[in-house]
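Each residue of the sequence shown is one higher than the one before, counting from 1 in the UniProt record's numbering. The C-beta atom is built at its ideal place from N, Cα and C for all residues, glycine as well.
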Amino acid sequence: MSIVDKDQTFMDDALVEPPPPPPPMVELDNSLLLENLNEAQIEAVTQPLESTSRVLAGPGSGKTRVLTCRIAHLLRHTHNEKILAVTFTKKAAGEMQERVQELLTSLQTHEEESKPPPAPSPYDDIDPYDDGAYGAELEEALVVYEGGNAEPLSPLEQRVRGAVSWQMRRVTLGTFHSTCARILRMNREYLNSLSSVVKHSPNNDATLDGNFAIADQAEQLRIVKEILKEREINEKDLKGVKLNTILNVISNCKEEFAQGKNPFRPKGNKPLPETLKVAAQLYDAYREKLISTNQMDFDDLIYLTRELLAENDDVRDRMRQRWSHVLVDEFQDTSLSQLDLVKLLTSNSLFVVGDADQSIYSWRGAHVGMMADFNDHFPDAKTVYLMENYRSTSNIVKAAQKVISSGKTDSIEAEMRQDMKPKREAGPKPRIIACDDDKGEADLVIKKIKQGVEAGEYGKNHEVAIVYRTNAQSRALEESCVQLNVPYVIFGSATSFYKRQEVKDCLCFLRWLANGKDRGSMLRCLEKNAKGIGMGAIAEFESYCNAVLTHYGNNLRGTPQPTPLDLLLSIADRSRIHESSPPADSVLGKRARTHLLAFSTKMNSIYDLALKESVAKVLTHVIDSLDLLALIDKRSKSTSEFEERQENVRELQQASERYTDGRPCLGSANSPTEGSEQEDSELTPLATFLEDIALVTELADASKKDSDEHRFVVCLMTIHTSKGMEFDTVFIVGNEDGTFPTSQALEEGPGSVQLEEEKRLCYVAMTRAKTELIMTWRKAVRIFTPTGVRTTKRHRSQFIDVLVASKPKKGSAQMESGGTKKSSNQRRSGTTNIYGQGTNNIYGQAPPKPSKAVVTERAGTTNIYGNRQGTNSYGQSSKSSPSRSRFTTSRNSQSPATPNRSNPLDRENGYASHTSRRSLSSFARQAQQPTPNKSRRATAQRGGSASAVPSARARQPSKSSPNRSPKPKASALGGGGSVDSSWFFPIGSEVIHAKLGRGIVLPPPPATESNDMPVRVKFSSGDHQVFDARGPELSPAVSR
């Protein structure tokens, strides 16, 4: 049992009268409190009691220790003054409370042991369990026990507990929302007089009191639906605006109203977005509904508290007297309204801790410049820098520092940034490895981990994490974990890939096709993914099933009974069952039959396709014909959530593409194609796909049990989830432009809010590593377009470029050799490590002899084990690797050879060698079948010849050039002069954009500093958009 119950810290003092304070203590010795702190930490902890302090704490600098020591320092040097400490999560508040208690207990124990022994008591010789005159008094003094221990606490332990318990009563630890809820309940009599409450109570029917309820999202959605119903507005009339999106917009509007802005007022001549128009119609009614039913949503907790403190001087003064000292953790993640709250609650003592370089929640309302703007709000604030990094090795710290210091240098954040001071040894250098594709990347990472375990480098206490930008990236990693029998666990809100709701919604149809008797899949198909079919219609369908099966049992003995799938198909196609069977009309009601007939027609189409086409084509048909993405969109709480779920669905489609061996989805198991493995011929491609998924899911569950038993497991998580954690070894995967940083951030351009936040995300991910950091990127990524799946080449992330790029100095031999500079291909080969040192490879090792396999950042094999000879991304020998010059393709040249997409790792020691189950042969065979060349050509209007269109990566300007504008040779262009975007995308040609669809290339606009090769496109929707011709967004369209 803890000294103070966690809920007790949120109780109103008016309800629980605290015990009298202990007598004043003598001057305390601070040496134990400050023991093991460095000079900067001591300076932060011992700031004057009445002062305003900003602590800029880099990763691994011990900021939590500083916060807890500051609280202890305040408690020990004041007597009755109370402390408010605010964090961002309930978990963080609980952990901080435990750490403060442990620290105070240690300090109090030391002081008690230093005191002289107490004088003898007349009660010392009396048996406490005697029924004599003093029994009751002594027994009362012995009621405190430790965790059910039968032995009473010693007098010393009792004194320590009593002192610490009293000190902890002076501390309020909680989140912004819990603290605001407490303030509002304590001042309940003022709620109905607040300006915003009066405004949204037109009939003076405000009923807010101290018992107000906090409306969760389900209740908020119910209120919005109720308003729409009252106003006779159909959800379909909202022009695609989702209800969850409306709630998000209303939340943002509250923030703008709080800052004195009117979000519903058009800006200039631009009309309001549709989402704001809908929100404007519902905003007042939504707030009135909440107030009239004595409810608040989570935003109201913040804004009404802010309003209460701003409007009522007496309440503000009482709160300031109540909490003399205010401390805020993760201050860089606060919003402007939360900053207002801090200012309103602070009297003379404020202590904030944060790191501007770890501000990664702007999408959640955090004000990005909060740490930088702090002195504007508190001019007398003292700044303390905690720059000593105790977590990571110096090589990791230097690499992370190089990334965060790149790019925008004229910001306030850049001006106040200081270099981290690593306190650990140099350690291994961070490694950067190029991979052919997602499977090659996953195999490389998991094999490296497995090799470390088998070699004894990774023991059960060695923590390994794989972090990625989006949840969808976990799919390939999970499958490789299964293939190599490596236990793993997914952290954060995301579950194992194949357990995610949108993935299960797609798979249930395939499961039902494979097993027509699968009742669970049947119910999921009908109840969750079939329009218009509810529990009543399902009950009628089951009655129909029972009627037909009874008929078979009574009249058609010996005839195989139909499955529920056969019976559903029979509603639209009677030939699926015996002609004498009772018709569906005789059992189903009119309404149920109408909806079941429509669903049956679609399922017949799917079933027939499964007898002829591959798993991938059937899955795509299921998603499209049943409009599953629209259903997923409707269930998503926000646009960003839908995009993430959609990405998971696309990943599932990519996974299904591997299960194509020439047989249809439900093909005959006895007709394997030539070259297929005999063990796989026992199952249909669909059954093989579903069995492999089952094995992935089973291992995921087993991995969770392993993690509970403190065995070695690999931790998979997004970068946002990894915030605040640390691991011995960290793999950051998917470090290519378009994935990390995202395409949206790249479109915003250098210096934009989105791209700067992506850079901070990279910094956060890198600084999770304590000893070993490995970053991987994929040369080719498959994306989904309106015309199907397309493999596109990707350039490594610009953050990696910061680490590996090496520019020749002026006057060097390379520059003086008549312009014969090394091409980008030569500079980024195995002769360059991540620090640009030209004599080492990416491992910091001297390059091996040419006769052996070389691990290079450009090697097409990317084989860290040396299992294959080095090849480039075209599948050619490294000796004949084409130059990386961006303009080597002549006007009459042919399209480049198809990139080699074979697996970059050997397939030895696969899953079968580690488990008795059937090997995951389909996982192991991925990418071994060459993909047909899908390079797209456009006809250049120059001499009538067709020229190969360089890829997005090939359109990037050479890093070796002193500027970003490419300067191709005149002979390659047939006449010299500069190259504009029409060389890659001829005017009048058709192109494809992943989201905007097909469009026609228009004459290019003038070049700008940020885009020196613009291409203008008019899309079928009528929109005109401008892109960088070297970017990955556009691709030439194939003629229809």
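**Same chain, Cβ closer than 6 angstroms to V730, five either side skipped, listed in chain order** = A465, R768, A769 and L773
**Item:** Residues near A765 by beta carbon distance below 8 angstroms, same chain, minus five either side
**Value:** V467, I719, S722, V730 and I732
**Range covered by the beta strand (DSSP E) that runs through R998** = G997 to L1002
**Cβ-based neighbour list, L631, same chain, cut-off 7 angstroms, excluding 5 preceding and 5 following** = N529
**Request:** Sort out for me which residues DSSP pairs G520 with in a bridge.
**Result:** The partner list for G520 (beta bridge, DSSP) is empty, contrary to what the question assumes.
**Asked** If you drop the 5 nearest sequence neighbours on each side, which residues of the same chain put their C-beta closer than 7 angstroms to that of L567?
**Response** Y544, C545, V548 and I577
**Asked** Residues bridged to D1028 by DSSP?
**Response** P1014
**Proximal residues to V45 (C-beta, below 8 angstroms), its chain only, five neighbours per side dropped** = L33, L34, L37, V66, C69, R70 and H73
**Message:** Are the CB atoms of L191 and A85 within a distance shorter than 8 angstroms?
**Reply:** Cβ atoms of A85 and L191: not closer than 8 angstroms.
**Message:** Let me confirm a value: K91 is counted as buried when at least 16 other C-beta atoms fall within 10 Å, else exposed. Which label applies?
**Reply:** Here K91 is exposed, its C-beta having fewer than 16 other C-beta atoms within 10 Å.
**Asked** At which residue ranges does the stretch 732-766 contain complete alpha helix (DSSP H) runs of 4 or more residues, listed in the order of the chain?
**Response** 743-748 and 753-766
**Message:** Can you tell me whether T550 is buried or exposed? The criterion is at least 16 other CB atoms within 10 Å of its CB, across all chains shown.
**Reply:** exposed
**Request:** Could you say which of Q483, T1008, S1020 and T739 lies nearest to V1001 if we only look at CA atoms?
**Result:** With respect to the C-alpha of V1001, the residue from Q483, T1008, S1020 and T739 having the closest C-alpha is S1020.
**Message:** So, does the stretch 273-289 touch the stretch 152-169, judging by three or more C-beta pairs under 8 angstroms?
**Reply:** no
**Request:** Report yes or no: do the stretch 254-264 and the stretch 333-347 share at least 3 C-beta pairs separated by less than 8 angstroms?
**Result:** yes
**Prompt:** Comparing alpha-carbon positions, which option in H377, L996, P1004 and K995 lies nearest G988?
**Reply:** P1004
**Request:** Reducing DSSP to helix, strand and coil, say where R557 ends up.
**Result:** coil
**Message:** Rounding to the nearest angstrom, what Cα-Cα distance links A455 and C435 in this structure?
**Reply:** 24 angstroms
**Request:** Verify the contact flag: T293, CB atom, against every heavy atom of the ligand MG, threshold strictly below 7 angstroms.
**Result:** For the structure depicted, the ligand MG is absent and the ligand set is empty, with no information on it obtainable.
**Asked** What residues in its chain sit with their C-beta under 8 angstroms from that of S359, if we drop five residues either side in the sequence?
**Response** Q332, D333, A366, V368, M370, M371, E757 and R760
**Request:** Would you list the one or two residues that DSSP bridges to residue 1041?
**Result:** Residue 1041 lies beyond the range of the chain shown here (1 to 1040); nothing can be said about it.
**Rounded distance between the beta-carbons of L309 and R316, thought under 8 angstroms** = Cβ-Cβ separation between R316 and L309: approximately 5 angstroms, consistent with a contact (criterion under 8 angstroms).
**Request:** Assign L75 to buried or exposed, taking buried as 16 or more other Cβ atoms, counted over all protein chains shown, within 10 Å of its Cβ.
**Result:** That one is buried.
**Prompt:** For S193, which of helix, strand or coil comes out of DSSP?
**Reply:** helix
**Prompt:** Excluding the five sequence neighbours on either side, which residues of its own chain have a C-beta within less than 6 angstroms of the C-beta of G943, listed in chain order?
**Reply:** In this prediction, G943 has a pLDDT of 37, which is less than 50 and means its spatial position is unreliable; nothing more can be read from the coordinates.
**Message:** Quick check on this structure: which residue in G553, A994 and K590 has the alpha carbon closest to the alpha carbon of Q744?
**Reply:** A994
**Prompt:** Got a sec? Which residues, its chain only, sit under 7 angstroms from Q561 by beta carbon, not counting five neighbours each side?
**Reply:** L549 and Y552
**Message:** Less than 8 angstroms between C-beta atoms, sequence neighbours within five positions excluded: which residues of the same chain meet that for L523?
**Reply:** I538
**Message:** Rounded to the nearest angstrom, what separates E189 and L344 at their Cα positions?
**Reply:** 20 angstroms
**Request:** Work out the CA separation of P685 and Y607 for me, nearest whole Å.
**Result:** Between the alpha carbons of Y607 and P685 lies a distance of about 14 angstroms.
**Message:** Which residue marks the beginning of the alpha helix (DSSP H) containing A44, and which one marks its end?
**Reply:** E39 to V45
**C-beta contact flag for M296 and I214 at 8 angstroms** = yes
**Item:** Simplified DSSP state of Y390, which is helix, strand or coil
**Value:** coil
**Message:** Restricting to Cα atoms, I'd like to know which of E274, L208, R431 and I693 is closest to L304.
**Reply:** Closest by C-alpha distance to L304, out of E274, L208, R431 and I693, is L208.
**Asked** Going by other Cβ atoms of all chains shown within 10 Å of its Cβ, with 16 needed for buried, is R511 buried or exposed?
**Response** buried
**Message:** Looking at the strands, I want to know which residues DSSP matches up with G534.
**Reply:** Answer is none; G534 lacks a bridge partner.
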